[in-house]
Amino acid sequence: MIKNIYFEEKVENHNRAQEFFSRFPKAAKISCNHFKEVFNPSGQNFRLQKKNPSLILASQDGKKVHPIPSKYGVGGTSNFYFSHLFNCLYDCRYCFLQGMFPSAHYVLFINYEEFWDDIRNKADEVSNSPSWFFSGYDCDSLALESTTGFVDFFLPKFSKFPHAFLELRTKSVNTRVLKNREPLPNVIVAFSFTPEEISRQLEHGVPSVSARIKAMHQLATLGWYVGIRIDPVIDCQEFESRYALLFHQLFDKLPQDSLHSVSLGAFRMPYGFFKKMDKLYPEENLFAGKLTKNKNSVSYELEIETKRLDSCRSMLLEYISSEKLFTCEMS
Amino acid sequence: MNFIVALSCEAKPIINELRLTKQFSPTPFEVFRNDFHQLVVTGIGKVAAAAATGFLLGSSTRKQEVQTYLNVGIAGHGTLQTNTAFIANSISDDQDKAIFYPPQIIDSDFELSRLCTCSHPNQKYEKGLGFDMEAHAFYSIASRSCTRELIQVVKVVSDNEGQSFEYIRPTTVTEYICNHLPSILAFAQELDALAKEISPDLETLGLQERARKLHPFSQSQIFQLDRLINHSRSFDLEEKHLIELIEKSNSPKEAIYNLNTFIDQSRILS
Ligand code: SF4
Numbered sequence: 216m217i218k219n220i221y222f223e224e225k226v227e228n229h230n231r232a233q234e235f236f237s238r239f240p241k242a243a244k245i246s247c248n249h250f251k252e253v254f255n256p257s258g259q260n261f262r263l264q265k266k267n268p269s270l271i272l273a274s275q276d277g278k279k280v281h282p283i284p285s286k287y288g289v290g291g292t293s294n295f296y297f298s299h300l301f302n303c304l305y306d307c308r309y310c311f312l313q314g315m316f317p318s319a320h321y322v323l324f325i326n327y328e329e330f331w332d333d334i335r336n337k338a339d340e341v342s343n344s345p346s347w348f349f350s351g352y353d354c355d356s357l358a359l360e361s362t363t364g365f366v367d368f369f370l371p372k373f374s375k376f377p378h379a380f381l382e383l384r385t386k387s388v389n390t391r392v393l394k395n396r397e398p399l400p401n402v403i404v405a406f407s408f409t410p411e412e413i414s415r416q417l418e419h420g421v422p423s424v425s426a427r428i429k430a431m432h433q434l435a436t437l438g439w440y441v442g443i444r445i446d447p448v449i450d451c452q453e454f455e456s457r458y459a460l461l462f463h464q465l466f467d468k469l470p471q472d473s474l475h476s477v478s479l480g481a482f483r484m485p486y487g488f489f490k491k492m493d494k495l496y497p498e499e500n501l502f503a504g505k506l507t508k509n510k511n512s513v514s515y516e517l518e519i520e521t522k523r524l525d526s527c528r529s530m531l532l533e534y535i536s537s538e539k540l541f542t543c544e545m546s
Numbered sequence: 005m006n007f008i009v010a011l012s013c014e015a016k017p018i019i020n021e022l023r024l025t026k027q028f029s030p031t032p033f034e035v036f037r038n039d040f041h042q043l044v045v046t047g048i049g050k051v052a053a054a055a056a057t058g059f060l061l062g063s064s065t066r067k068q069e070v071q072t073y074l075n076v077g078i079a080g081h082g083t084l085q086t087n088t089a090f091i092a093n094s095i096s097d098d099q100d101k102a103i104f105y106p107p108q109i110i111d112s113d114f115e116l117s118r119l120c121t122c123s124h125p126n127q128k129y130e131k132g133l134g135f136d137m138e139a140h141a142f143y144s145i146a147s148r149s150c151t152r153e154l155i156q157v158v159k160v161v162s163d164n165e166g167q168s169f170e171y172i173r174p175t176t177v178t179e180y181i182c183n184h185l186p187s188i189l190a191f192a193q194e195l196d197a198l199a200k201e202i203s204p205d206l207e208t209l210g211l212q213e214r215a216r217k218l219h220p221f222s223q224s225q226i227f228q229l230d231r232l233i234n235h236s237r238s239f240d241l242e243e244k245h246l247i248e249l250i251e252k253s254n255s256p257k258e259a260i261y262n263l264n265t266f267i268d269q270s271r272i273l274s
């Protein structure tokens, strides 16, 4: 339940802002000049705010579509991301958002139409090859859909733009918005997973692995392309058997032709983010693991990282062809 | 909890309920304490509020724990009835551009309202806005050393369009605060519970303290030692073993090495 809605003065009369105000009539409405006045001040505690984040309605005025590092992607050559929302309903302990953002408030940029203009322009610029747009970089693409209506707005747009691909990355089982419409060949619903035991320890508030698998299978059966994201790969006891079981559960009964791609990603993040996360959760086992600082980034010791990624890769290749398997590196 | 209150008549119900005792050591402000709380009576106005908050920040006796700060007092309001308590969710100032937005984590029954801190008593009651004379200065100082979620402002409306501030009596002020005292104290207690959640673990601090005394560790070694002890606590390793291991080592360097090797075996998620 949202108790406080901050809004930038310039969006007060925007239809989407008005909808929010009427949907949460009891919430206190507080105006600000710019969302950063509320979101950016130093001396906020992400861990505490995560208990009860407020909503900030804002307009993204600058660049809305950003290029993605070349080693990140699932087959396309022109890859971009956009962030209509900062922060997430869930609370994964490995999530870099808690190291990157000063606040856990949700910032929703409600000028979707302008996001779409920028996406379309970008797609037109590179019209000789399909361009990929990744949402869910600074949030979960579906978890807050019933509040944001983001997917509901964007799907009809992408349906008319077949050379632009959209990846919705999620851990949510809130897939009604997709089930309610015809599948689109240029939209991939990518679910992220860690083994159940890890999920229970680290992915707070996230639906169970089995519920997510079920949601993914349902969408695949309905004809949606799905993606599987094993990202980040987390070192743990009984690593092989846990990941083997996860992969079995994921691919068992999944219609092969609905699987768009599988990607693997190492646990890796900028040192500054890590330091902040470690300070927020000094008791967290994950941060006391065999991690190492290399230049400006923190990751598992190279030997562990290589071994774990190799092991996942060979297990995955028992189920899928190598063309569908990608290793993503953010840095 | 640190209470910052402008007037004695506002402070009285809190002092009585929490059985705070007046501190007689020479201090520039009236300070009242018990084992868990302190309260400062600041006097009216921004300068007094800023100075008293700064004084309280410096005089905390529980330095290892994360502190909480609550400004309690009366305020005028453009919409709310008198004797209504509210939490300030935005705090502006009539002479300063900076606006504070205290993050609201606790679900309380209080109303939420914007608040403007004025240099002089306010006679124009703008709709939806509260008016006081201290909150902004208080927040600006407290937020320099404490996390913002744990600095809050609760005001009880004493005057509005229909009831001018000129007629407010100290007894009425005390009565207003008294009326909301249970909610104010419950709110303070919840803030303290949040603070506890992010305060350093006292047992870990104690263990680090003991370990540091076992060898002449350098500053950077102390940093490593503290971190290793932190990790050992994450993995529930036995305190006795750690201390033995450090004791048996022949030098600070060896102690760090041994500790690291010992903890390394556990560094994996279960
Ligand atoms: S679901 Fe994704 S965005 Fe949300 S907390 Fe977890 S890792 Fe972060």
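Chains as they are written, first to last, in our numbering: chain A, 216 to 546; chain B, 5 to 274.
Backbone N, C-alpha and C fix where the C-beta goes; we use that ideal spot for every residue, glycine too.
Please read these numbers as outputs of a predicted model, since none were measured by experiment.
In the three-state reduction of the DSSP assignment, residue 272/B falls in the coil class. Between the segment 272 to 283 of chain A and the segment 326 to 341 of chain A there are three or more inter-stretch CB-CB distances shorter than 8 Å, so the stretches are counted as touching. Note on geometry: alpha-carbon atoms of residue 85/B and residue 442/A lie some 56 Å from one another. In the three-state reduction of the DSSP assignment, residue 138/B falls in the coil class. Less than 8 Å separates the beta-carbon of residue 262/A from that of residue 496/A. Annotation: the continuous alpha helix (DSSP H) that includes residue 17/B extends over 12 to 22. Closest in alpha carbon position to residue 284/A, among 347/A, 413/A and 391/A, is 347/A. In the displayed model, residue 483/A falls within a strand according to three-state DSSP. Shortest gap from the CB of residue 543/A to any heavy atom of the ligand SF4: 7 Å or more. Here the distance from the Cβ of residue 501/A to the nearest heavy atom of the ligand SF4 is not below 7 Å.
By the criterion of a C-beta distance shorter than 8 Å, residue 188/B is surrounded in its chain by 18, 74, 76, 89, 158 and 181, once the five residues flanking it on both sides are discounted. Distances from the CA of residue 539/A to each of 383/A, 230/A and 288/A were compared; the closest alpha carbon is that of 288/A.
The three-state reading of DSSP puts residue 509/A in strand, counting E and B together.
Spanning the alpha carbons of residue 121/B and residue 303/A requires a straight line of approximately 34 Å. Beta-bridge annotation (DSSP): residue 247/A is paired with 223/A. Within the segment 104 to 120 of chain B, 104, 105, 107, 108, 109, 110, 111, 115, 116, 117 and 118 place their CB atoms closer than 9 Å to a CB of chain A, listed in sequence order. Taking C-beta separations shorter than 7 Å and ignoring five residues to either side along the sequence, the partners of residue 155/B in its chain run 73, 106, 143, 146 and 147, following chain order. DSSP places residue 290/A outside both helix and strand once states are collapsed to three, so it counts as coil.
Straight through space, the alpha carbons of residue 91/B and residue 114/B are spaced by roughly 6 Å.
Listed by position along chain B, the residues whose Cβ is nearer than 9 Å to that of residue 528/A form an empty set, because the closest Cβ is around 21 Å away. Any Cβ of chain A closer than 8 Å to the Cβ of residue 75/B would place that residue at the interface, and such an atom is absent. Within 10 angstroms of the beta-carbon of residue 201/B lie fewer than 16 other beta-carbons, which makes it exposed. Ranking 82/B, 184/B and 174/B by CA distance to the CA of residue 131/B puts 82/B first. With a threshold of 8 Å between beta carbons, residue 220/A makes no contact with chain B. Taking 8 Å as the cut-off, the Cβ atoms of residue 242/A and residue 225/A do not count as close. CA-CA distance, residue 243/B to residue 40/B, rounds to 29 Å. Secondary structure note for residue 156/B: its beta strand (DSSP E) is the uninterrupted segment 155 to 164. Per DSSP, the beta-bridge partners of residue 384/A are 405/A. Residue 280/A and residue 297/A do touch by the CB rule: their CB atoms are close to 5 Å apart, below 8 Å. Annotated three-state conformation of residue 242/A is coil, per DSSP. Taken in chain order, the complete alpha helix (DSSP H) segments of 4 or more residues contained in the segment 38 to 85 of chain B are 50 to 62. Taken in chain order, the members of the segment 448 to 480 of chain A whose beta-carbon sits within less than 7 Å of a beta-carbon on chain B are 449, 450, 451 and 452. For residue 93/B, the three-state secondary structure derived from DSSP is strand. Residue range 115 to 121 is occupied by the beta strand (DSSP E) that includes residue 121/B. Straight-line measurement puts the Cα of residue 271/B at about 43 Å from the Cα of residue 437/A. Per DSSP, residue 216/B is one residue of the alpha helix (DSSP H) stretching across 206 to 216.
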